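**Student:**
Numbering (the working numbering), first residue to last: 168 to 520.
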């Protein structure tokens, strides 16, 4: 039996590395065995042998080859693409799709491999077959035209929706000239509508320009005054409610608020905190002193909740949620707890009768 020295093993490892997947960044978890001459090594050991061969034994030509191959191996997506070599082209595409590797990335990799295809003939041939397969799946010119027309129609429809949204925002009828407040009042997040609004830059440039100018100057004295004039009746009504409760030594809650006012309390709170004085803030604090207004109720449902000695089962809690929905009240944690506190107070009063 032939005996091999260290250089033989290192050189054989280098030859193996040239044509097989041996990726340093993943080797710590890869214990699969590789046959090198008359022994088996892990992929990590193979890669270390390659490095040692380059450092100790390789000639200039081999060092140049090593550096050239490293440049290919370090190219983005190289290893992920080559990992699909043993799959069918259909399965390979599904795998690459999950990793957002598109035809454009494959073509860039193919171009890189083309420059050195004599070094990686199998890899070059495989990536070329992948690119050909991707191209075979592309639509015909007629189908592409139909798809583009459909996409254009969808964009125009989205732009029309944005037009209505922005036209009302810019109109005199809009009582909330501050855009972030307007979005919240309309039940939308600004980021959810922003993509549609950007379409107006193509389909209605004049409206888009007016919108940009309005946003840039939304904090004018005129706009703020318009906003304060709009919320003044709500604050006045709230002050009356607080005063009536204080005469009886009590405090109102959010159910009292929504029984009398339909405007969202969290939004009113934001407007008051930004533009009003401590006097107005104190009125809101009388109804709710915590800053948890937007929290959903579902996460707080438990097997039971104890409030002042009154236990509410899970069924009771879901009953409160149903009650809030029936009365068109926001189903938030604060209002949920206010209702439970009311129910607990009523039950405790009945015990003392």
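The beta carbon of each residue, even a glycine, is placed where N, CA and C say it ideally should be.
This structure is a prediction, so every number in the text was calculated from the model and none was measured.
Between which two residues does the beta strand (DSSP E) containing residue 471 stretch?
**Tutor:** Segment 471-474, the beta strand (DSSP E) holding residue 471.
**Student:** Please name the residue in 331, 390 and 391 whose C-alpha comes closest to that of residue 367.
**Tutor:** When only C-alpha atoms are compared, the closest one is 331.
**Student:** Let me confirm a value: residue 450 is counted as buried when at least 16 other C-beta atoms fall within 10 Å, else exposed. Which label applies?
**Tutor:** Residue 450 comes out buried.
**Student:** So, with DSSP's three-state summary, where would you put residue 454?
**Tutor:** Residue 454: helix per DSSP, three-state reduction.
**Student:** Pull the bridge partners of residue 203 from the DSSP assignment, please.
**Tutor:** Looking at the DSSP assignment, residue 203 forms a beta bridge with 206.
**Student:** Just how far apart, CA to CA, sit residue 512 and residue 335?
**Tutor:** Between residue 512 and residue 335, the C-alpha separation is close to 45 Å.
**Student:** With a threshold of 8 Å, are at least 3 pairs of Cβ atoms found where one atom belongs to the region 419-433 and the other to the region 441-456?
**Tutor:** With a cut-off of 8 Å, the region 441-456 and the region 419-433 count as touching, because enough Cβ pairs lie within range.
**Student:** Strictly by DSSP, which residues pair up with residue 463?
**Tutor:** The partner list for residue 463 (beta bridge, DSSP) reads 499.
**Student:** Taking just the CA atoms, how far does residue 288 sit from residue 294?
**Tutor:** Answer to the nearest angstrom: the Cα atoms are 10 Å apart.
**Student:** How would you write the range of the beta strand (DSSP E) that residue 444 sits in, first residue to last?
**Tutor:** Looking at the DSSP string, residue 444 is not in any beta strand (DSSP E), and its letter there is neither H nor E.
**Student:** Return the CA-CA distance between residue 474 and residue 373, expressed in angstroms with no decimal places.
**Tutor:** Their Cα atoms are separated by approximately 58 Å.
**Student:** Among the residues of its own chain, which have a CB less than 7 Å from the CB of residue 204, if the five just before and after it don't count?
**Tutor:** Only 171, 175, 176 and 179 meet the Cβ criterion.
**Student:** Smallest Cα separation from residue 425: which of 414, 446, 447 and 402?
**Tutor:** Comparing Cα positions, the closest option is 402.
**Student:** From the DSSP output, read off the bridge partner residues of residue 478.
**Tutor:** Answer is 473.
**Student:** Please go through the same chain and pick out, in chain order, the residues whose beta-carbon is closer than 7 Å to the beta-carbon of residue 408, but skip the five residues on each side of it.
**Tutor:** These residues qualify, in order along the chain: 419, 423 and 427.
**Student:** Comparing C-alpha positions only, which one of 257, 398, 355 and 478 sits nearest to residue 440?
**Tutor:** The residue with the shortest Cα to Cα distance from residue 440 is 398.
**Student:** Could you tell me the distance, in whole angstroms, from the CA atom of residue 354 to the CA atom of residue 434?
**Tutor:** Using only the alpha carbons, I get a separation of about 11 Å.
**Student:** Buried or exposed for residue 207, please, with buried defined as at least 16 other CB atoms from any protein chain shown within 10 angstroms of its CB.
**Tutor:** Exposed, since its Cβ has fewer than 16 Cβ neighbours within 10 Å.
**Student:** Does DSSP classify residue 488 as helix, strand or coil?
**Tutor:** If DSSP states are grouped into helix, strand and coil, residue 488 belongs with the helices.
**Student:** Counting C-beta neighbours from all protein chains within 10 Å, is the total for residue 220 16 or more, i.e. buried, or is it exposed?
**Tutor:** By the neighbour-count rule (16 or more Cβ atoms within 10 Å), residue 220 is buried.
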